[in-house]
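Heads up, the thing below is written out as structure tokens.
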Amino acid sequence: MTVLPDPTGYATVIIGDRPIAYYRLDETNGTGGVAHDYVGGNDGIYNDVIQGVTPGYSEIDPDPCITVGANGATGSYVGISSSAINFSGTNVSFSIEAWANGAAGQVDQSAVIAKGTGNNGGNANEQFCIDVNSGNYRFFVRNPRSAIAEADGNSGPDGAWHHLVGVYDSTAGSLYFYIDGAQSGSAPVPTLGVIVSSAVIGIGSERSGVAPVFDLNYDGSIDEVAIYDYALSSVQVQNHYSAAYGTGLAPFITRQPASLTNYVALPATFSVDAAGSVTPTPLTFQWNKDGVAIPGANSASYTIAALATTDAGSYTLSVTNSVGGTNSTPAKLTVLLPPTNPPAIPGLVLHLPFDNNLTDATGRGNNGTGAGTGGGAISFVSDGQIGDALHYSTITSNNDHTGSGIVTSSSYVTLGDRPDLKFGADIDFTVAYWIRLPVNYILNDLPFFTDAVGSTFGDGFVFAPSYGDPQTSFPNGAPGGWALSIIDGAGAGAGEYGSVNGIPGGGSINDGNWHSLVHVILRGAGKAAVTYLDGAVASFARAGGTTTGAAGDIDNTNGAAIGQDPTGKYPQPGSADIDDLGVWKRALSPLEAAAIYLAGASNHLSFADLPISLTIKRVAGGQVQLTWPVDFAGQPVGVLQSASNAAGPYADVPGATMPYVVTASGVTFYRLRLN
480 MTVLPDPTGY ATVIIGDRPI AYYRLDETNG TGGVAHDYVG GNDGIYNDVI
530 QGVTPGYSEI DPDPCITVGA NGATGSYVGI SSSAINFSGT NVSFSIEAWA
580 NGAAGQVDQS AVIAKGTGNN GGNANEQFCI DVNSGNYRFF VRNPRSAIAE
630 ADGNSGPDGA WHHLVGVYDS TAGSLYFYID GAQSGSAPVP TLGVIVSSAV
680 IGIGSERSGV APVFDLNYDG SIDEVAIYDY ALSSVQVQNH YSAAYGTGLA
730 PFITRQPASL TNYVALPATF SVDAAGSVTP TPLTFQWNKD GVAIPGANSA
780 SYTIAALATT DAGSYTLSVT NSVGGTNSTP AKLTVLLPPT NPPAIPGLVL
830 HLPFDNNLTD ATGRGNNGTG AGTGGGAISF VSDGQIGDAL HYSTITSNND
880 HTGSGIVTSS SYVTLGDRPD LKFGADIDFT VAYWIRLPVN YILNDLPFFT
930 DAVGSTFGDG FVFAPSYGDP QTSFPNGAPG GWALSIIDGA GAGAGEYGSV
980 NGIPGGGSIN DGNWHSLVHV ILRGAGKAAV TYLDGAVASF ARAGGTTTGA
1030 AGDIDNTNGA AIGQDPTGKY PQPGSADIDD LGVWKRALSP LEAAAIYLAG
1080 ASNHLSFADL PISLTIKRVA GGQVQLTWPV DFAGQPVGVL QSASNAAGPY
1130 ADVPGATMPY VVTASGVTFY RLRLN
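This note's numbering puts the first residue of the sequence shown at 480, with every later residue one more than the last.
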């Protein structure tokens, strides 16, 4: 028998609210050791976690915590096999609580706590889960058909501790998600109730549907996990958060605001993480611009939905409570006017303006060829977003979206099997285009641009409309949105559906208007894709797989196509207009994605390539000076690297800025790294 110490402070408050399981995660007994349940006997087992990490969740509690998923490790979690923790049916209520501290940039489905199996394209069965999605924390459940009901948070991992509570309240008919004591999201409970599950509960990870290990790891620290068989009230949640900081702790800032640069009409958000006692009075916040308080800016974050030039300046946040106050460091906001010339963006390998031809404007010869069946032929429309645009279409024998018919007429573009469109297993790349879909265009994923046979989830890359009705045909569908998938020959990778139906950061594209999409595909373990819709980061739902970065070699010999798959036989009826398709063999920055949108939206301008070169010249004192191009925003392009011989290996030059001056000594080779 293990005798646990009497609880004090925060633990007393938690136990007073009668959890059925409570894990302080303060043991130091190694892999295979017991993670004790302080209240219910539902002990867990440690698996490859770092124990005894300090500080834990609170500045005033010396109790340590655990770190999971360090440096992208998988199989790092606490496993709880107890059948007593099981919520299913239509009349259940429960609450899940944890403290978590992870770095920004977590991949989707990084699980803080989950019971069930993650998504791999159709067999997801989480009964409950708190994880990361589109950069933010979320709480969700699945119904017996695996359809998801989720409450999305408004913040995510950022290097600071956050109190996370998911509440499923069948009586109120809602699920709620709280971050740091405040409600952050809500959603209706599923009418079919919660799925039955006998799965192991994972603290710090969950298993994807195709993985033999717990591979969807959170990367960070976790502490004070509690599970309740009833719905916590908002007052109880606030009391739990308050208990972590006592009554005598002055405010302190754990994450300072970052300086921002963006274009007029696009959004900008400053945010800060602060902690301190919230009783007897809560933390109060006041954002200031150039030393003057901003009316109504009274939370830990401040968003300007559409920037104006007058918004440029220096921003700070003042935080106070009954004990004292503190100020953040200043953050500078720079506001740019829309480009008046085509933004020059390096790394461009394909550019099809579609100005009444299919010529590659880069001069690299990646020209398109018009194709069609059944008398179909491509055409150009004069009201493109930037000059002319390409129109494509497909008609099928039964003209429905089941895929059971055959193509009877089509018009599309083939690009052939181009080396410039080969991305292997590790090449980051970006695809940008303007798209105009017919009004209310749904239940169809006729590709925009692909080298896969079929559409989403084919081997290769696919950019298409999203397919499916979330209430009927496909539980993760998002009709009216965009979709992408990056899948290798073994089926590894992921597919994503852009969020619609009012989800923050998402939006439909089937309104008959032109929309800019920029897809940045990051390769390698722990990396993911980022999509910009009309210049801003778009949220999405995982439609299958794990992450796009999990895909290995995605190259094939199909060739690429626009408006159909490479065979021209994909039986989905539909049509669209597409303009100014560009491909870069590098990851574009947020500012570059914004520039593409603003140049086209404000001034009907396209983009251009920026040739890269290093210029070396002698200067005084036996020194040499290296210079290289600057981008459209006046920033030097790339990172300077050096090596002792031409073949490398090359390494970044520490602290190198442009122009870079160095004393001539021996032989050194230099180059620029674009990513």
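All residues carry an ideal CB built from backbone N, CA and C; glycine is no exception.
Pop quiz: residue i and residue j are said to be a contact at Cβ under 8 Å. What is the actual Cβ separation, rounded to whole angstroms?
| i | j | result |
| --- | --- | --- |
| Phe749 | Tyr647 | Not really, about 33 Å apart at Cβ, beyond 8 Å. |
| Ile627 | Phe619 | 5 Å |
| Tyr489 | Ala722 | 5 Å |
| Gly851 | Ser890 | 4 Å |
| Val1062 | Leu900 | 7 Å |
| Ala823 | Leu1089 | 4 Å |
| Ser625 | Ala593 | At roughly 14 Å, the Cβ-Cβ gap does not stay under 8 Å, so Ser625 and Ala593 are not in contact. |
| Ile658 | Gly638 | Ile658 to Gly638, Cβ: 15 Å. No contact. |
| Tyr525 | Thr546 | The Cβ separation is near 12 Å, so there is no contact. |
| Phe833 | Leu869 | 4 Å |
Who are the near neighbours of residue i in its chain, counting only those whose CB is closer than 6 Å to its CB and skipping five residues on each side?
| i | result |
| --- | --- |
| Tyr709 | Ser572 |
| Asp1110 | Val1116 |
| Lys768 | Gly792, Tyr794 |
| Asp1201 | Summary: the structure shown does not reach residue 1201, with the chain confined to residues 480 through 1154, and so no result is reported for it. |
| Val1132 | Leu1119, Ser1121 |
| Phe928 | Phe942, Ile1041 |
| Gly895 | Gly1038 |
| Leu1060 | Leu831, Tyr912 |
| Arg621 | Glu605, Ile627, Ile674 |
| Ala840 | His830, Pro832 |
I'd like to know whether the C-beta atoms of residue i and residue j end up nearer to each other than 9 Å.
| i | j | result |
| --- | --- | --- |
| Val828 | Ala1040 | no |
| Val675 | Gly652 | no |
| Gly614 | Val1016 | yes |
| Ser756 | Ser713 | no |
| Val591 | Ile732 | no |
| Thr808 | Pro736 | yes |
| Gly1066 | Ile1000 | Strictly speaking, residue 1066 in this sequence is Ala, with Gly absent from that position. Yes, the Cβ-Cβ distance between Ala1066 and Ile1000 is below 9 Å. |
| Ile906 | Gly972 | no |
| Thr875 | Gly855 | no |
| Val798 | Thr838 | no |
| Val644 | Glu703 | no |
| Val492 | Asn718 | yes |
| Gly548 | Gln530 | no |
| Asn992 | Arg897 | no |
| Lys811 | Leu728 | no |
| Ala969 | Gly1031 | yes |
| Leu1105 | Tyr1149 | yes |
| Ser1144 | Ala1080 | no |
| Val743 | Pro821 | no |
Who pairs with residue i in a beta bridge, going by DSSP?
| i | result |
| --- | --- |
| Val532 | Cys544 |
| Gly558 | Ile524, Gly681 |
| Lys768 | Val771, Tyr794 |
| Phe1019 | Gly977 |
| Tyr697 | Answer by DSSP bridge pairing: none, since Tyr697 is not bridged. |
| Asp587 | Note: Asp587 sits in no beta bridge, so no partner. |
| His641 | Ala579 |
| Thr1142 | Gln1102 |
| Asp597 | Position check: residue 597 holds Gly in this sequence, whereas Asp was assumed. DSSP lists Ser687 as partners of Gly597. |
| Val611 | Ser589, Tyr616 |
| Trp961 | Pro944 |
| Ser629 | Per the sequence shown, residue 629 should be read as Glu rather than Ser. Bridge partners of Glu629: Phe619. |
| Phe833 | BP columns for Phe833 are empty, so no partner. |
| Lys1096 | Gln1104 |
So, for residue i: in the same chain, excluding its five sequence neighbours on each side, which residues have a beta-carbon less than 8 Å away from its beta-carbon?
| i | result |
| --- | --- |
| Met588 | In the sequence as presented, Met is not what sits at residue 588; that position holds Gln. Cβ neighbours of Gln588 beyond the five flanking positions: Gly597, Asn598, Asp610, Val611, Asn612, Glu685, Ser687, Leu695, Arg1021, Thr1025, Thr1026. |
| Ile499 | Val518, Gly519, Asn521, Ala563, Ile564, Ile706, Tyr707, Asp708 |
| Ser677 | Ser562, Asn565 |
| Gly984 | A caution first: Gly984 carries a pLDDT of 42, below 50, which makes its placement in the model unreliable, though a value can still be read off. Cβ within range, chain order: Ser613, Ser978, Ala1015, Val1016, Ala1017, Ser1018. |
| Asn923 | His880, Pro944, Tyr946, Gln1051, Pro1052, Gly1053 |
So, at 7 Å on beta carbons, what are the nonlocal neighbours of residue i in its own chain, with the 5 sequence-adjacent residues on each side left out?
| i | result |
| --- | --- |
| Gly1134 | none |
| Val1009 | Val999, Val1016 |
Does any residue of chain D have a CB that is nearer than 9 Å to the CB of residue i?
| i | result |
| --- | --- |
| Asp527 | Within the model displayed, chain D is absent; a lone protein chain is all it includes. |
Open item on the list: With three or more beta-carbon pairs closer than 8 Å as the criterion, would you say the stretch 1087-1100 touches the stretch 877-885?
Closed with: Contact annotation: the stretch 1087-1100 does not touch the stretch 877-885, with fewer than three C-beta pairs closer than 8 Å.
- [ ] May I ask you to verify whether the stretch 870-879 touches the stretch 834-847, counting CB pairs closer than 8 Å and requiring at least 3?
- [x] Contact annotation: the stretch 870-879 does not touch the stretch 834-847, with fewer than three C-beta pairs closer than 8 Å.
Open item on the list: Closer than 8 Å is the cut-off here; do at least three beta carbon pairs connect the stretch 1072-1081 with the stretch 928-935?
Closed with: Contact between the stretch 1072-1081 and the stretch 928-935 is absent: fewer than 3 CB-CB pairs across the two stretches fall below 8 Å.
- [ ] Mind the definition here: the stretch 653-663 touches the stretch 676-688 only if three or more C-beta pairs lie below 8 Å; say whether that holds.
- [x] With a cut-off of 8 Å, the stretch 676-688 and the stretch 653-663 do not count as touching, because too few Cβ pairs lie within range.
Open item on the list: Using 8 Å as the cut-off, can you tell me whether the stretch 1051-1060 makes contact with the stretch 788-799, which would need three or more C-beta pairs spanning the two stretches below that distance?
Closed with: Contact fails: fewer than three Cβ-Cβ distances are below 8 Å.
Open item on the list: Whether or not the stretch 553-570 and the stretch 531-540 are in contact is what I'm after, with contact meaning three or more pairs of Cβ atoms, one per stretch, closer than 8 Å; do they touch?
Closed with: Touching, no, given that fewer than three Cβ pairs across the two stretches are closer than 8 Å.
Task: Sufficient close CB pairs (3 or more, under 8 Å) joining the stretch 777-788 to the stretch 736-750 - done: With a cut-off of 8 Å, the stretch 736-750 and the stretch 777-788 count as touching, because enough Cβ pairs lie within range.
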